[in-house]
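> Numbering (my numbering), first residue to last: 2 to 103.
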Amino acid sequence: MSNTYTDLVNQTFHFPQEGFHVKDNYLQFNELDLKRLIDKYGTPFKLTYLPKIGMQVAKAKKMFHDAIKKHKYDGNYYYCYCTKKLSLQFLLLKKHSSTVFI
């Protein structure tokens with residue numbers, strides 16, 4: 002068993018993550034040139050990609066819908082989204098109306 006940080010990351014995460022790719026030796030995220038943004042805004046750099054949040058909510062809801070149907074679950078199901086970023090609340094409420102609780 003290896004104990005380096007790189008090994009831990011490789012054991013924990015699956016790469017490449019969806020939306021990320023390398024172009025001309027620079028990391029891109031959903032066609033955004035991260036190097037250009039970092040050059041402009043500096044580091045540490047934090048990116049919140051709002052469309053991705055909505056896509057992940059829809060993906061999770063579909064997975065639960067499929068599992069509920071497969072196992073013939075007849076109870077109630079409520080999708081709850083935990084976030085420390087109150088600024089994202091509008092996106093979830095607008096996109097998913099009464100089907101998402103924050």
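Think of the CB as a built atom: it goes at the ideal place given N, C-alpha and C, for glycine as much as any other residue.
Looking at the unbroken beta strand (DSSP E) that takes in Y27, where does it start and where does it end?
Residue mapping note: residue 27 aligns to position 26 of the sequence shown, counting from 1. For Y27, the enclosing beta strand (DSSP E) covers residues 27-30.
> Where do the N-terminal and C-terminal ends of the beta strand (DSSP E) with K24 fall, by residue?
The count along the sequence shown starts at 1 and reaches residue 24 at position 23. That run of the beta strand (DSSP E) goes 21-24.
> Take E19 as the anchor and find which of K71, N77, Y50 has the nearest alpha-carbon.
Here the question's residue 19 lines up with position 18 in the sequence shown. Ranking the options by Cα distance to E19, first place goes to Y50.
> Could you pull the start and end residues of the alpha helix (DSSP H) that N4 belongs to?
Reading the sequence shown from its first residue, position 3 is the one you call residue 4. Where N4 is concerned, there is no enclosing alpha helix (DSSP H), given that its DSSP letter is neither H nor E.
> So that I know if they touch, is there some Cβ in chain D lying closer than 8 Å to that of T5?
Among the protein chains of the structure shown there is no chain D, as only one such chain exists.
> What whole-angstrom Cβ distance do F46 and L33 have, given they're in contact under 8 Å?
The residue you call residue 46 lines up with position 45 of the sequence shown. The residue you call residue 33 lines up with position 32 of the sequence shown. Not quite, the Cβ-Cβ distance comes to about 11 Å (not below 8 Å), so this is no contact.
> What is the rounded straight-line gap between the Cα of A68 and the Cα of K60?
Your numbering for residue 68 matches position 67 in the sequence shown. Your numbering for residue 60 matches position 59 in the sequence shown. Those two C-alpha atoms are separated by around 12 Å.
> With respect to the alpha helix (DSSP H) encompassing Y53, which residues constitute its N-terminal and C-terminal limits?
Counting from one through the sequence shown, the residue named residue 53 turns up at place 52. For the record, residue 53 in the displayed sequence is Lys; it is not Tyr. From DSSP, the alpha helix (DSSP H) with K53 extends over 51-71.
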